[in-house]
Structure formats: structure tokens, C-alpha cells
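What follows is a single structure, written as C-alpha cells, with notes after it.
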């Protein structure tokens, strides 16, 4: 029974994630953010979610925040996505892009190589 419950929860989370994607793609950003938040909160409580899906939810919620120019909140979500899945390159790029836009040109030591690959520093004076 526990395995069945876990599968039902996973299917429910996938449905929420898909609905959030649909809302985002339809430019219903407020509803998309609500759904991503719902998924994040559900996963945080149950601790029985796919780390991959949770990282995607954080990254995509960060995109919504980025689009409304809430850069610091977006960076928090991108950081959460990176902490969950350090191999997920999209939030690394997204966070680097915000730092670039904010004038923070320093490359992070932990992810320096990856950030430089996606966002080379302009060293020409």
C-alpha cells in the first residue's frame, strides 16, 4: 500500500508540474507560480518527490520571478534548484545571467568552470 500511495503522489506531482508548465507557456504567470509553489510545498512536506522535478519547479518559479523583475527572489529559487541538483545547468546559467545584469561579474568558486562556460567574462578593457 505504501508503494501505491507513493506512486499516486508522484502522479499528482507530475500533473501539477505539467499544469504549471501549461500555465507558464500560456503566459498565465501568476497561476504558474502558484502551481510551482504548491508542488514545492508538497514536496518539502512529503520528502517523497523526484529531486529532478523539484529542481525544475524551483527553476521555473524562478523564471516567473525573473520575468516580473524580482531578481533576488529569482536567484533564491535558482540557488534552491542548484542545491537540489548540482548537475542541472539551466539554473546555473539563469542565476549567472541575473548576476551579470546586476553588475556582479565575479565567477562563483564552486561552479566557476561551469559559469564561465555559459557566461564568459568580458576581460577586454
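Residue numbers (this note's numbering): 688 to 812.
Every residue, glycine too, gets a C-beta built ideally from N, C-alpha and C.
Please read all numbers here as calculations on a predicted model, not as lab measurements.
Cβ of residue 719 within 8 angstroms of Cβ of residue 710?
yes
Original post:
On the three-state DSSP scale, how would you describe residue 730?
Top reply: Helix at residue 730.
Review point. Should the region 725 to 742 be regarded as contacting the region 752 to 759, the criterion being three or more beta carbon pairs within less than 8 angstroms?
Key: no
Is the distance from the Cβ of residue 753 to the Cβ of residue 785 below 8 angstroms? yes
- Beta-carbon proximity of residue 748 to residue 764, cut-off 8 angstroms: Yes. Within cutoff.
Buried versus exposed, by CB contacts within 10 Å (16 or more), residue 783: buried
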